[in-house]
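These notes concern the structure reproduced below.
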Ligand SMILES: Nc1nc2c(c(=O)[nH]1)N[C@H]1C(S)=C(S)[C@@H](COP(=O)(O)OP(=O)(O)OC[C@H]3O[C@@H](n4cnc5c(=O)[nH]c(N)nc54)[C@H](O)[C@@H]3O)O[C@H]1N2
Ligand SMILES: Nc1nc2c(c(=O)[nH]1)N[C@H]1C(S)=C(S)[C@@H](COP(=O)(O)OP(=O)(O)OC[C@H]3O[C@@H](n4cnc5c(=O)[nH]c(N)nc54)[C@H](O)[C@@H]3O)O[C@H]1N2
Ligand code: SF4
Ligand SMILES: [Mo]
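Residue numbers (our numbering): 397 to 1069.
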């Protein structure tokens, strides 16, 4: 019998949002391929995508709900869904009675599955009335704010068009690792003669493909962008009508370029040689269209906002933003144009409490601890591995002490799940329906249920439907979640006439035939964009970044922990096709650091600071800047134990400044001899 073929979409937090075809035989997933009808991934997947047949049937997948008594003991026992719902619902109701509201109930959800129906978690909590919600984005908020400041709205060009650019400048992104399908368009551009420039403190896999690689000190891109702008202004190679007429803040910006900085300053601050600065200004000054990519890596430090605004200003003054194949790349938030009926589900009113409490996910644990009247008592964790991926894990430990019930919904017994009271097994995307809009490309695709659910796993939506039913059984009116609605009803609700027109479809059924691209004319109107140039006040603020490392002497090395090719954050590391068993953490250091500590390749070291310590094996990387330590995320002893990077401005939202971390190192055991 021929296999049945279904349309699925890889739901990972990944630039690809790859449309895929799944092949099913006897109700079993036997093969996956990329969907050739999606113009972005064009029939291809990455290695993680091709490994889905193994991921779905992985022996470690959670099969049943389980309870652990006491928390953290490892003493798990299997319970039925009915029991799990009863325990959770009774606790929710008890907390409601104790405090007179549901503010003691909260969730932490992030990026395990980005499907629109995965807003079921938020929808379920909304259905309780005022509660404690997690807002913000630890990954991209800083860049998002910077783009909004520069352009008044979001801005990210169509990635397929990068193939037609004549110059591609990537600031702080590593697509050869994090966005493999984009490399196809980059290679195509290069074949047609385009120049590729990569600006990164690390000589990455993408840098290896570049015509010009510029090594820069982390956090110093603002200065490099200003330096290039200065040269272009002084040599008259900029687009006058845009800079002088369309952009706001030109006079102050220009005055700063002329009087506020010298090229010698730029070289000192960025650590970039003069030849590279001249080289990049020659390219920006002479080649059009130029595609400028402000990467996510760029904004994981305190100066990220200013760096992005500086690069935006440079891209604007060179006149590339209005050219069809030039433009600016970051990521987009088009998903927010959909109704997002689950996310925006409105719950019942509370007689005295008008709103939910909000916690910024970028400073989750510390903010949660500070909540009083009532304190946070129940935490629901979904699509999130806090213990591996968040910062300030000491605050997380503190927070867990006050939590009376932690429920984690996941596919695996993660580092976070083992610190929970109850785990609930989640379904893979092959086991549930969903709808997906990318954040990089502009394709809309559907996700069909292709196989029966694995043992007793359930989708987050199914869990929301069943738990709210149980709550209402025990306490009528507790929740107003529309539990009767099927996944397809939610999908149809997202596809309003406006959205269908935007994506050229007449019904969801068109998505069963192929994914659809957003109408190009509706993506953005370059001509109308307002451009606000980086202001000298911001530059002064950026200046203080140079001095912000007060602990420099004490903790001399900067810790960079970017993403890895064969993982998505903490995911996939248990997949044998991708990773051969448990691996020792490899810590890359410069030969300078190796010399200082008398270290050689493969030696065991300890990396530590006042928050914690981890061990690993040395790999000397001669191309690393002097004071940089490079380590991967996740693993059995996650590096995030050493990461504690607060945004000092508590009133401003930001990404987590993961790359502002500092550490010390020593030979393994050195402290104990
Ligand atoms: N394989 C794989 N792909 C992924 C992910 C994954 O975990 N694995 N995660 C996905 C997610 S959620 C995200 S957010 C993206 C992120 O992917 P990217 O956008 O590529 O971002 P990062 O990996 O954080 O960092 C990219 C580069 O920025 C550099 N960098 C750090 N600081 C600076 C700086 O100050 N200036 C400059 N110029 N460069 C700097 C780092 O050295 C790194 O090489 O990848 C997505 N894709
Ligand atoms: N040191 C350091 N830390 C970082 C970063 C860094 O650069 N350096 N990058 C940060 C970035 S960019 C990001 S985006 C975050 C990512 O942070 P997280 O989103 O917490 O990262 P993941 O490790 O992908 O964890 C997602 C979890 O969701 C689970 N999951 C998958 N699908 C489903 C589902 O359908 N339902 C439910 N309930 N669960 C599901 C997965 O099994 C996994 O355990 O990490 C951040 N942490
Ligand atoms: S992880 Fe990213 S690149 Fe790989 S299949 Fe999924 S969406 Fe595509
Ligand atoms: Mo991210």
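Using N, Cα and C, we set each Cβ at its ideal position, and we do this for glycine too.
Under the three-state DSSP convention, the category residue i falls into
i, result
"residue 988", "helix"
"residue 845", "coil"
"residue 886", "helix"
"residue 913", "strand"
"residue 632", "coil"
"residue 452", "helix"
"residue 999", "coil"
"residue 405", "strand"
"residue 1024", "strand"
"residue 1015", "strand"
"residue 949", "coil"
"residue 546", "helix"
"residue 400", "strand"
"residue 638", "helix"
"residue 929", "coil"
"residue 578", "helix"
"residue 934", "helix"
"residue 573", "helix"
"residue 563", "strand"
"residue 1063", "strand"
Which listed residue (the options) has its alpha carbon closest to that of residue i
i, options, result
"residue 574", "442, 743, 899", "442"
"residue 622", "769, 422, 709, 815", "709"
"residue 864", "489, 417, 850", "489"
"residue 747", "792, 797, 497, 649", "497"
"residue 1010", "1059, 1023, 1042, 994", "1059"
"residue 616", "656, 695, 500, 675", "695"
"residue 517", "877, 1046, 1063", "877"
"residue 446", "1014, 989, 974, 1002", "974"
"residue 360", "530, 1003, 707, 905", "Here the chain has residues from 397 to 1069 only, and residue 360 is not among them."
"residue 835", "910, 782, 412, 868", "412"
"residue 512", "630, 732, 594", "732"
"residue 870", "439, 529, 483", "483"
"residue 1021", "986, 1000, 606", "986"
"residue 545", "525, 895, 1043, 705", "705"
DSSP bridge partner residues for residue i (one or two, in chain order)
i, result
"residue 778", "505, 805"
"residue 1005", "1008"
"residue 865", "Paired residues: none, contrary to the question."
"residue 554", "Bridge partners of residue 554: none, in fact."
"residue 954", "1024, 1058"
"residue 531", "756"
"residue 982", "1013"
"residue 424", "421"
"residue 896", "Note: residue 896 sits in no beta bridge, so no partner."
"residue 644", "928"
"residue 967", "964"
Residue j beta carbon less than 9 Å from that of residue i
i, j, result
"residue 614", "residue 510", "no"
"residue 1070", "residue 831", "Residue 1070 falls outside the range modelled here, since the chain spans only 397 to 1069, and no answer is possible."
"residue 673", "residue 662", "yes"
"residue 838", "residue 913", "yes"
"residue 702", "residue 929", "no"
"residue 971", "residue 450", "yes"
"residue 627", "residue 677", "yes"
"residue 744", "residue 423", "no"
"residue 572", "residue 600", "yes"
"residue 823", "residue 854", "yes"
"residue 434", "residue 418", "no"
"residue 951", "residue 992", "no"
"residue 567", "residue 659", "no"
"residue 798", "residue 777", "no"
"residue 814", "residue 470", "yes"
"residue 932", "residue 652", "yes"
"residue 852", "residue 459", "yes"
"residue 805", "residue 779", "yes"
Item checked: Runs of beta strand (DSSP E) wholly within the region 789 to 841 (minimum 3 residues, chain order) -> The region 789 to 841 contains these whole beta strand (DSSP E) runs: 801 to 806, 818 to 821, 830 to 833.
Notebook entry, point to check: Could you give the uninterrupted runs of the beta strand (DSSP E) lying entirely in the region 711 to 788, keeping only those of 3 residues or more?
Noted result: Runs found: 753 to 756, 774 to 778.
Next item on the list: Jot down the residue ranges of each uninterrupted alpha helix (DSSP H) in the region 587 to 626, minimum 4 residues, whole runs only, in chain order.
Entry: none
Item checked: 3-residue-minimum beta strand (DSSP E) runs that sit fully inside the region 460 to 512, ordered along the chain -> 462 to 464, 472 to 474, 501 to 505
Margin query: Ignoring anything shorter than 4 residues, give me the alpha helix (DSSP H) runs that lie fully in the region 654 to 704, in order along the chain.
Written below: Those alpha helix (DSSP H) runs which fall completely within the region 654 to 704 and span 4+ residues are 659 to 666, 670 to 682.
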